[in-house]
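There are 2 protein chains.
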Amino acid sequence: MQPTARLTQLHQLPSGVRELLSRDTIRACARSSPSLISHAAAGPCYRQHVGASSQQKRLLTISQLDSGRDNRERVLILGSGWAGYTVARELDSKKYQAVVVSPRSYFAFTPLLASTSVGTLEFRTALEPVRTRRTNVSFFQGWADGVDFKNKVVTIEEAVDDPTATHALTDDRHAGETKEERKEEKKVEAKKGKLFDLTYDKLIITVGCYSQTFGTPGVKEHSLFLKDVGDARKIRSRLLACFEAAALPTTPEERRRQLLNFAVVGGGPTGIEFSAELHDLIHEDLARLYPELIPYHKITVYDVAAKVLPMFDEKLAKYAMDTFKREGISIKTQHHVQELRPGAPGEKGDEGGARRDHMVYTLKVKEEGEMGVGMVVWSTGLMQNPFVAKALGSVYELPSSFKRLEAGEGKGNPDNLLWKIKKDQKTGSVITDSRLRVKLVGEKDGDQKPEAILKDVFALGDCAIVEGTSYPATAQVASQKAYWLSKRLNKGDIEKAGFTWKNMGVMAYIGNWKALFQGGEGGNISGRLAWLIWRGAYLTKSVSWRNKILIPTYWLINWLFGRDTSRF
Amino acid sequence: MQPTARLTQLHQLPSGVRELLSRDTIRACARSSPSLISHAAAGPCYRQHVGASSQQKRLLTISQLDSGRDNRERVLILGSGWAGYTVARELDSKKYQAVVVSPRSYFAFTPLLASTSVGTLEFRTALEPVRTRRTNVSFFQGWADGVDFKNKVVTIEEAVDDPTATHALTDDRHAGETKEERKEEKKVEAKKGKLFDLTYDKLIITVGCYSQTFGTPGVKEHSLFLKDVGDARKIRSRLLACFEAAALPTTPEERRRQLLNFAVVGGGPTGIEFSAELHDLIHEDLARLYPELIPYHKITVYDVAAKVLPMFDEKLAKYAMDTFKREGISIKTQHHVQELRPGAPGEKGDEGGARRDHMVYTLKVKEEGEMGVGMVVWSTGLMQNPFVAKALGSVYELPSSFKRLEAGEGKGNPDNLLWKIKKDQKTGSVITDSRLRVKLVGEKDGDQKPEAILKDVFALGDCAIVEGTSYPATAQVASQKAYWLSKRLNKGDIEKAGFTWKNMGVMAYIGNWKALFQGGEGGNISGRLAWLIWRGAYLTKSVSWRNKILIPTYWLINWLFGRDTSRF
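Each protein sequence line maps, in turn, to chains L and W.
According to full-length UniProt numbering, the first sequence is numbered sequentially starting from 1.
According to full-length UniProt numbering, the second sequence is numbered sequentially starting from 1.
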């Protein structure tokens, strides 16, 4: 179907709809494949998966999005983490219409989550809502479900009421469904208005990663994570409940010891900082509220590796381990967690029933056997986002943003090849060029496969790596990429020079007002001074003035009066 | 069994237990009936409902409670609301050992809950944990389940993991069970360590009330309340979800109107203040974030009475109604809500399934028929606490604190009568004398029934009324009673003069920085000045320094930057 045919069809639309169709949106829609056009009456830049009868009514928000777009390009950003949220804020709203699609309505300032999980800070001091007074960013709360690169359309599954979205993700939310089942389900969702499409001019993929559990039985179900604010809230509630339950007169001594046995799996910065914050909470606050229970508590960090904090040099890691030792936190390296199940060792776990009263769990460690624990916090790294595996696969029809790169051989018609998105073999991450553009690789026999890029599709954050680099999957890299990309897009000079990461150093809080700081170009600091740097850096980095005021207020108040231990 | 026999038995106890038994606790236990003594080996002042084998282990917390008691009387306080929390804090810890038993681990400063439900204040600014560094109050998280007045023992059902405890209560948690079923269940709970007993020297009953729904179908299940912090959190999350859902491109115009139709049932101060806060949130904040949605929203207050705010005089109530009218909030008096069910009018409600996606509800109002609403906040007053009806019934054996009052006739042996706790016929509240002591009435034919009091059992707060008075069921009355009682107990002069309530006036926030203030002895103020009084009063009344600092900080920050709208 040609653009002119599309234009003719428009006369059949209600007048209100016609008025909203600007030249740009018509151009955008005209790119649609014939199969899409039949649905396109629902609106210029989004296709509704339902019948045409009720569609006029549903235009409001998207049509305003379209009319508010003027001559700007629409940049659709998938995700609201360090990469996506930063790009959305930094893009020049005179040039681009930024639209964020994310299952979470906020950005989580992840380095402060450990502090919020014990009440050193209040949860909201680590959050910034995507919709704010000060920016012009549009937002839809949903999961990206599929991408049509040819027609520049993303299918979105709404997530307004999805309770999983504010927690660490460990499973594809459609796991266990076959392709056919999901297809059927999609039809139902579309009918219910749970699925909709959004066109883009530029697509920025920042969907992040899921939490890795290595398939360890029971971990997904029973351990707590520390990747989002919902996790932090669960931890805060659970650990106070463990103390309250241990303080019941009916709690036997052995059960008391189990309830207050806290296991942290993973000796990276998250696991170490959480252990340190937990130690502070217990010794600074709970020791005054439950003095008789303190002898029962225990904090243990498990890691399969030979040392914790692998990103720090030997000396700093040793300082951390010595500090933990003095503070009474055990670090058990080269230990393998094998299972986590509800109920104490030797108990049936299912006796609890509806009122979740199997108050303790059994943790099975290869080197130690089974033990009762009150809580396991799991932080062993990242798993690739199922969206990357499922939705970012083959590119069946080439979009106009396709650009064949020089390849020794195979200079034939690219349409004769099936192009796939290039992925890192080990992590499954999307591979980009140094301009953060998604790379394609042609399916062809022989050693040297032809390569291409999608000029208008970018990937950054934990789900992507720049080809030939090994930048870590950290907030720092994601944030630097985001600043770089938005600057290039704002200036329109993406070809000028590629992205390079500047290592600004690593930090970790290790409890008792001490921290580690390892500068990007050497220079190690540990102890109280590093702690001041830690606090200063995160206060500086925190986004809004609201939080720049609230964070030190809470630091001061909790230092003066202790952390709040109300549990609700 | 005599005290001496009890003392002999003690030699069979493990040595650690013996040491902990002070003279006082032995005296307290010696009052126990024979049926109790067989279990009493579990500890001096608590009976464990399980076998004797594992009991030594379980002593820790209670035994410490007992040993820390010294020569003080134990005052057991049931509840942590305005009455209970205040008494616990005010009692002289040199004279009394205060032990609070409550299903909530905190005190909720209820007048600020409406502010927290829209984010004007953060939730925790309206909370004070019962366990604090600054007081010596002991605490067990549980529901009072029964009282043995004769032996001065309260049976407690632990509530550490009870998710209902932080929300408004509408139903007896054992509703639907027969007496026999509950009895069986209790045996299981006792075995699991979920049930335990605690002795007292003085008992203070401040269990409060449940929320009244008048049996209106669907209200308990689907409406939101505003009686505790869990309710406030649900409301904040729900109303932001309504806006986010309305902003989805797939949401039809009619559904958008339903989602943003907010109904408040009950025109008392809670309903009016919540409506005002909701109006502020929408007009001060959401109007900037969802400008296109504002025309769709609607706030309506329903009340069966002819006027709202019945405790205010005509002029102030009219001022409130005029202000609401200008602000666009409808007040519909003499309207009767008949039903609330999930799903829009004409829809089946159960189509949602697990992902709670029946996003709207149908509210049926007698005078208006059915309408779709996004949220109903229910605040129509109080229902008597089932504990008062069930546990506070007859007194089968008279305790030593029994004191027969002068009654015209019936001077016979009181033991020949069945004594019942005197209740208010209309509300079912416990009736106390002017010293807040629980009154008994003897079951006897004839007009003039003999009366008595329990000298060591007090009742205050919403579950009790002083005989012959009609003090309202407010925080003010509860708090004044609590201060009066703790003062009398501290001074030991309970007989000196009875309690009288001093009306300090009533206040209500009505939105847009305006309030009503009606002084106790006349003197009405409305508008901005009343609003200043409102804020000043609650800031002064708030308990901890933490909250005295945080509350104005949030007021300032939200005025400067807007309320936080992150939803998790």
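Ideal Cβ placement from N, Cα and C applies to all residues, glycine included.
Computed from a predicted model, the values in this text were never measured in an experiment.
Inter-segment contact for the stretch 149-163 of chain W and the stretch 193-211 of chain W is present: three or more beta-carbon pairs are separated by less than 8 Å. In the structure shown, Asn558/L adopts helical secondary structure according to DSSP, grouped into three states. Cβ contact annotation for Lys186/L (same chain, cutoff 7 Å, sequence separation greater than five): Leu195, in chain order.
Under the three-state reduction of DSSP, Pro111/W is assigned to helix. In the DSSP assignment, Gly372/W falls within the unbroken beta strand (DSSP E) covering 369-373.
Taking a 10 Å sphere around the C-beta of Phe214/L, we find fewer than 16 other C-beta atoms and assign the residue as exposed. For Ala276/L, the CB contacts under 7 Å within the same chain, skipping 5 residues up- and downstream, are Tyr509, Ile510, Gly511 in chain order. Rounded to whole angstroms, the gap between the alpha carbons of Phe387/L and Asp145/L is 7 Å. Interface with chain L (8 Å Cβ-Cβ cutoff): Thr250/W is included.
The beta-carbon distance between Leu532/W and Pro552/W, rounded to whole angstroms, is 13 Å. This is too long to meet the 8 Å contact definition. Taking 8 Å as the cut-off between beta carbons, none of the residues of the stretch 370-386 of chain W comes near chain L. Listed along the chain, the chain W residues whose CB falls inside 8 Å of the CB of Tyr106/L are Ser566, Arg567, Phe568. Taking C-beta separations shorter than 7 Å and ignoring five residues to either side along the sequence, the partners of Trp484/W in its chain run Phe499, following chain order. Identification of residues in the stretch 271-293 of chain L having a C-beta nearer than 7 Å to some C-beta of chain W yields Arg288, Leu289, Glu292, given in sequence order. Taking 8 Å as the upper bound for CB-CB distance, Leu550/W and Ile525/L are not in contact here, some 33 Å apart. Judged by DSSP secondary structure, Ile533/L falls within the alpha helix (DSSP H) whose first and last residues are 528-541. By the Cβ rule, the stretch 255-275 of chain L counts as touching the stretch 300-310 of chain L, because three or more pairs are nearer than 8 Å.
Ranked by Cα distance from Leu169/L, the first of Trp513/L, Met371/L, Ser379/L is Ser379/L. In the structure shown, the three-state DSSP call for Ala344/L is coil. Judged by DSSP in its simplified three-state form, Arg437/W adopts strand.
Annotation: Cβ neighbours of Ala241/L in chain W (cutoff 8 Å, chain order): Val160, Asp161. Spanning the alpha carbons of Cys463/L and Ser429/L requires a straight line of approximately 5 Å.
Look at Tyr290/W here: in three-state DSSP terms it is coil, with no helix or strand label. Val137/L sits in coil when the DSSP states are folded into three classes, being neither helix nor strand. With contacts defined by Cβ atoms closer than 8 Å, Ile465/L and Val438/L do not form a contacting pair. Chain-ordered, the chain L residues with CB closer than 7 Å to the CB of Pro129/W read Asp564, Thr565, Ser566.
In this structure, DSSP gives Gly520/W an extended state, which the three-state scheme calls strand.
In the DSSP assignment, the residues bridged to Asn261/W are Lys298/W. In this structure, DSSP gives Arg74/L an extended state, which the three-state scheme calls strand. Annotated three-state conformation of Trp513/W is coil, per DSSP. Contact check for Val376/W and Tyr361/W: beta-carbon distance about 7 Å, within the 8 Å limit, so the pair qualifies.
Assigned with DSSP and collapsed to three states, Tyr471/L falls in coil, not helix or strand. At the C-beta level, Lys481/L and Leu460/L come within 8 Å of one another. With a cutoff of 8 Å on beta-carbon distance, Gly267/L and Asp231/L are scored as not near each other.
Sorting Glu339/W, His335/W, Asp228/W, Arg341/W by C-alpha distance to the C-alpha of Glu367/W places His335/W at the top. For the 8 Å CB-CB criterion, Val75/L and Tyr106/L do not form a contact.
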